[in-house]
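**Student:**
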Amino acid sequence: MQLEIVTPDKKVFEGEVSEASFPGASGAFQVLNSHAPIVSALAKGAVSFTTPEGKQSMIVDGGVVEVKNNVIVVLAEKVIG
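Quick note on the working numbering: the sequence shown kicks off at 1 and runs consecutively.
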């Protein structure tokens, strides 16, 4: 799957991932390959994902995530770390 994390200032991450977990506004959720299309609001919390190099994580301060056709786009208000 392709993951892209973008803030109003810059593209924070773009690359291939095998899974990703998000702090949804109604609770945390995970996205795996061939996930059904979804759009969800994000709460402040950790976005974690697994790349071929290993597990990575960053804190987002709200935003929106869209999953469609194995492409995940995160529009984050702010990335803290």
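Backbone N, C-alpha and C define an ideal beta-carbon position, used for all residues, glycine too.
In whole angstroms, what separates the C-alpha of Asn33 from that of Ala20?
**Tutor:** 10 Å
**Student:** Distance, Cα to Cα, Thr51 vs Val73?
**Tutor:** 15 Å
**Student:** Which class does Thr7 belong to by DSSP, given the choice of helix, strand or coil?
**Tutor:** coil
**Student:** Is it buried or exposed for Ile109, if we count other Cβ within 10 angstroms and need 16 for buried?
**Tutor:** Outside the shown range of the chain, which is 1 to 81, sits residue 109, and nothing can be said about it.
**Student:** Considering just the uninterrupted stretch of the beta strand (DSSP E) at Lys44, what are its terminal residues?
**Tutor:** Ile38 to Thr51
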